[in-house]
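Chemist: Got a structure for you, written out below as structure tokens; questions coming shortly.
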Ligand SMILES: Cc1cc2nc3c(=O)[nH]c(=O)nc-3n(C[C@H](O)[C@H](O)[C@H](O)COP(=O)(O)OP(=O)(O)OC[C@H]3O[C@@H](n4cnc5c(N)ncnc54)[C@H](O)[C@@H]3O)c2cc1C
Ligand SMILES: [Zn+2]
């Protein structure tokens, strides 16, 4: 891998940009690998990268049915924060936030992580109580989160309407200053390039259609549309399609897949300095470096694999955005799209071993797993390499739905993301 | 947005009038206190989460208020049929997409406009 640097840019500028090499290759699959990862989203590619970098396992294939980063990784609104309520969640999301900080340097790839602050609006006394509880819990875990008055919130985000006559009046806000955004595609591309440079095979247009088992029940490999590929260890990192893949190994999952939508406006000059979320009226918004307002909507009420959702879900969110930020009322929306998110009963992820020896699963990130990408990939690589969880992901088992040790962010998360 | 045929009102109405009610044809346990943890987990937390044909409950909340069942393809989101609560799972091989009756929703008249 040729390193990206200011000198490389200068050199290529001198010779008509003819020397840039492909960021990753597209090799023919081998007959056998040490580890197969199913799903080339950020979490899957990151897992391969950390397996190679930290555990010395490089004979890895990442199998992707479409193109890498084409799943939820390339469809999300990129909100990053770590101010979750419970200790277990704080552990894994904060692990990720710390990795975000140095990720561009680590990967030699600009993932455009921007800690511009994530502000959550409080509209009523219940919001206020819940947010303050979060703030105290976060601080005990060493995670920054602070309470703002409506005036302070407006100072932090000038387009916000805090007038008493607003349709959704604001009585304060919780702010995590280290929260922010990153460039979603760059995260997938950066991990792909860095993993490929360490010998990982990224095989696109390769759909897994079956999971093979040995007579003793352990994993033997996978069937794909490009033939059978063997491996003693297989990691399923397939977001909305996890239930389908796990069913191939006879494991029924505590997951439901829902459409989740987002949309972007026409690009405009810098107007919006941070990320704002409102749980109560369901809206969240930020501005990309290209200038588009990036707006996230909610999930549909029914399970689906269609990758499209109802228009009423989007208009509901835009209603709220226009009330909170009257300045955007005449803005035109340019594109909207949907992803399929895998939701667990307690809204916390599963990163764990499974009842099948050699089969591992990283799923259940639902509507909010982009922020966790580096942390999740890092501890999942540890889990696969050692056939045992890292202490950070040890609580995120599949068995918790039997034992009752839930990590119940369902009731606790300030908002879906 | 989905158009849903309510088998009680015998009319196709906009999704806004309905609430999704989870999987259909689930036999709810009558011996909750005697169940093992495995049985409770399977009933309460695990889901088939089918990609393809699924059977689910809907409630015509802002209409007749009644629960009914539907067969829907989760890839295309098309309904194959809807049927009254208590009826057995229909034989899908014999089904065409749900019968469409005259519609009076705003959305429907809108899309007919030339
Ligand atoms: C609209 C939207 C907005 C969101 N906003 C946020 C946000 O603001 N902040 C946040 O933290 N999170 C957000 N999320 C959630 C976040 O996108 C996901 O949790 C995260 O990106 C999941 O990453 P992943 O790598 O696990 O999955 P994905 O990126 O979905 O990757 C899974 C891959 O598996 C592949 N695959 C599936 N089946 C097979 C098969 N049989 N064989 C081979 N490959 C297969 C898929 O093609 C896909 O590429 C949002 C999601 C959506 C849809
Ligand atoms: Zn009805």
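Chains as they are written, first to last, in the working numbering: chain R, 457 to 873; chain C, 85 to 198.
Heads up, the beta-carbon is just placed ideally off N, CA and C, and yes, glycines get one too.
1. Below 9 Å between beta carbons is the criterion; list the residues of the region 131–149 of chain C that meet it against any residue of chain R, in chain order.
2. Check the Cβ of residue 731 of chain R against every Cβ in chain C and list those closer than 8 Å, keeping chain order.
3. From the DSSP output, in three-state form, read off residue 718 of chain R for me.
4. Confirm the yes/no value for this check: CB of residue 95 of chain C, any heavy atom of ligand 2, distance under 8 Å.
5. Tell me the DSSP secondary structure of residue 790 of chain R in three-state form.
6. With a threshold of 8 Å, establish whether the CB of residue 818 of chain R neighbours any heavy atom of ligand 1.
7. Apply the 10 Å Cβ neighbour rule to residue 116 of chain C and answer buried if 16 or more other Cβ atoms are within range, or exposed otherwise.
8. Please report whether the beta-carbon of residue 446 of chain R lies at a distance below 9 Å from any beta-carbon of chain C.
9. Between the C-alpha atoms of residue 752 of chain R and residue 549 of chain R, what's the straight-line distance to the nearest angstrom?
10. Tell me whether the region 742–752 of chain R and the region 628–635 of chain R touch, counting them as touching only if at least three CB pairs, one residue from each stretch, are closer than 8 Å.
11. Can you find a heavy atom of ligand 1 that lies under 8 Å from the Cβ of residue 496 of chain R?
12. Helix, strand or coil: how does DSSP classify residue 487 of chain R here?
13. Going by other Cβ atoms of all chains shown within 10 Å of its Cβ, with 16 needed for buried, is residue 160 of chain C buried or exposed?
14. Can the beta-carbon of residue 826 of chain R be found less than 9 Å from the beta-carbon of residue 691 of chain R?
15. Taking the runs of the beta strand (DSSP E) that are 3 residues or longer, which of them lie wholly in the region 741–788 of chain R?
16. Is there a C-beta anywhere in chain C that falls below 9 Å from the one on residue 852 of chain R?
17. Have a look at residue 849 of chain R and residue 654 of chain R and give me their C-alpha separation to the nearest angstrom.
18. Does the Cβ-Cβ distance between residue 127 of chain C and residue 110 of chain C come in under 9 Å?
19. Give, in chain order, every residue of the region 745–771 of chain R whose Cβ lies closer than 7 Å to some Cβ of chain C.
20. In chain order, what residues of the same chain lie with their CB nearer than 8 Å to the CB of residue 613 of chain R, ignoring the 5 residues before and after it?
21. Report the partner residues of residue 637 of chain R according to the DSSP bridge assignment.
22. Smallest Cα separation from residue 713 of chain R: which of C/112, C/108, C/85 and C/134?
23. I'd like to know whether the C-beta of residue 166 of chain C is nearer than 9 Å to at least one C-beta of chain R.
24. I want to check one thing, is the minimum distance from the CB of residue 797 of chain R to the heavy atoms of ligand 1 below 8 Å?
25. Work out the CA separation of residue 811 of chain R and residue 656 of chain R for me, nearest whole Å.
26. For residue 554 of chain R and residue 807 of chain R, what's the separation of their Cα atoms in angstroms?
27. Between residue 477 of chain R and ligand 1, is there a pair consisting of the residue's CB and a ligand heavy atom that are separated by less than 8 Å?
28. Spell out whether any CB of chain R is found under 9 Å from the CB atom of residue 190 of chain C.
29. For ligand 1, any of its heavy atoms closer than 8 Å to the Cβ of residue 487 of chain R?
30. Please confirm whether residue 493 of chain R and residue 518 of chain R have their CB atoms less than 9 Å apart.
31. What residue does the beta strand (DSSP E) around residue 163 of chain C start on, and which one ends it?
32. Does the region 569–586 of chain R come into contact with the region 851–861 of chain R, if we say contact requires no fewer than three beta-carbon pairs (one atom in each stretch) closer than 8 Å?
33. Taking just the CA atoms, how far does residue 506 of chain R sit from residue 882 of chain R?
34. Run down chain C in chain order and give the residues with a C-beta less than 7 Å from the C-beta of residue 857 of chain R.
35. Would you mind listing the alpha helix (DSSP H) stretches within the region 794–849 of chain R that are 4+ residues and don't spill past its ends, in chain order?
36. Between the region 767–782 of chain R and the region 676–684 of chain R, are three or more C-beta pairs nearer than 8 Å?
Modeler: Looking at the coordinates:
1. 131, 132, 133, 134, 135, 136, 138, 140 and 142
2. The residue labelled residue 731 of chain R in the question sits at position 275 within the first chain. Within 8 Å Cβ-Cβ: nothing; residue 731 of chain R doesn't reach chain C, min ~28 Å.
3. Counting from one through the first chain, the residue named residue 718 of chain R turns up at place 262. If DSSP states are grouped into helix, strand and coil, residue 718 of chain R belongs with the strands.
4. In the second chain, residue 95 of chain C corresponds to position 11, counting from 1. Residue 95 of chain C: yes, Cβ under 8 Å from ligand 2.
5. Mapped onto the first chain, residue 790 of chain R falls at position 334. Correct three-state label for residue 790 of chain R: strand.
6. Counting from one through the first chain, the residue named residue 818 of chain R turns up at place 362. Checking the Cβ of residue 818 of chain R against ligand 1 gives yes.
7. Translated into positions along the second chain, residue 116 of chain C becomes position 32. When all chains shown are included, residue 116 of chain C counts as exposed.
8. This structure gives no information on residue 446 of chain R, because the portion of chain R shown stretches from 457 to 873.
9. The residue you call residue 752 of chain R lines up with position 296 of the first chain. The residue you call residue 549 of chain R lines up with position 93 of the first chain. Whole-angstrom Cα-Cα distance: 20 Å.
10. no
11. If you number the first chain from 1, residue 496 of chain R lands on position 40. Flag set: Cβ of residue 496 of chain R near ligand 1.
12. Here residue 487 of chain R corresponds to residue number 31 of the first chain, with the count starting at 1. Three-state DSSP puts residue 487 of chain R in coil, outside helix and strand.
13. Locating residue 160 of chain C in the second chain gives position 76, counting from the first residue. It counts as exposed.
14. Looking up residue 826 of chain R in the first chain gives position 370. Looking up residue 691 of chain R in the first chain gives position 235. No, these two residues do not count as a Cβ contact at 9 Å.
15. 749–755
16. Against the first chain, residue 852 of chain R aligns to sequence position 396. Residue 852 of chain R does not count as touching chain C.
17. Counting from 1 along the first chain, the entry for residue 849 of chain R is found at position 393. Counting from 1 along the first chain, the entry for residue 654 of chain R is found at position 198. When rounded, the distance between both Cα atoms is 25 Å.
18. As a working note, residue 127 of chain C is residue 43 in the second chain. As a working note, residue 110 of chain C is residue 26 in the second chain. In contact: residue 127 of chain C and residue 110 of chain C (Cβ atoms closer than 9 Å).
19. 757, 758, 759, 760, 761, 762, 766, 767 and 768
20. Translated into the one-based positions of the first chain, residue 613 of chain R becomes position 157. So the list reads 575, 728, 729, 730 and 732, once near-sequence residues are dropped.
21. For this step, residue 637 of chain R is matched to residue 181 along the first chain. Paired residue(s): R/570.
22. Translated into the one-based positions of the first chain, residue 713 of chain R becomes position 257. Nearest option by C-alpha distance: C/134.
23. Reading the second chain from its first residue, position 82 is the one you call residue 166 of chain C. No, no contact with chain R.
24. Locating residue 797 of chain R in the first chain gives position 341, where the first residue counts as 1. Yes, ligand 1 has a heavy atom inside 8 Å of this Cβ.
25. Translated into the one-based positions of the first chain, residue 656 of chain R becomes position 200. Translated into the one-based positions of the first chain, residue 811 of chain R becomes position 355. If you take the alpha carbons of residue 656 of chain R and residue 811 of chain R, they lie about 27 Å apart.
26. Against the first chain, residue 554 of chain R aligns to sequence position 98. Against the first chain, residue 807 of chain R aligns to sequence position 351. Whole-angstrom Cα-Cα distance: 19 Å.
27. Working through the first chain from its first residue, we reach residue 477 of chain R at position 21. False, no ligand heavy atom lies under 8 Å from that Cβ.
28. For the purposes of this step, residue 190 of chain C is taken as residue 106 along the second chain, with counting starting at 1. Residue placement at residue 190 of chain C is flagged as unreliable, the pLDDT there being 49, under the threshold of 50; a coordinate-derived value is accordingly withheld.
29. To locate residue 487 of chain R, count along the first chain from 1; it is residue 31. Outside the cutoff, so no.
30. Translated into positions along the first chain, residue 493 of chain R becomes position 37. Translated into positions along the first chain, residue 518 of chain R becomes position 62. Yes, the pair counts as a contact, with Cβ atoms nearer than the cut-off.
31. In the second chain, counting from the first residue as 1, residue 163 of chain C sits at position 79. That run of the beta strand (DSSP E) goes 163–168.
32. no
33. Any answer about residue 882 of chain R is impossible in this case: the structure gives chain R only from 457 up to 873.
34. On the first chain, residue 857 of chain R is found 401 positions in, with the first residue counted as 1. Under the 7 Å cutoff, chain C gives 125 and 129.
35. 829–842
36. no
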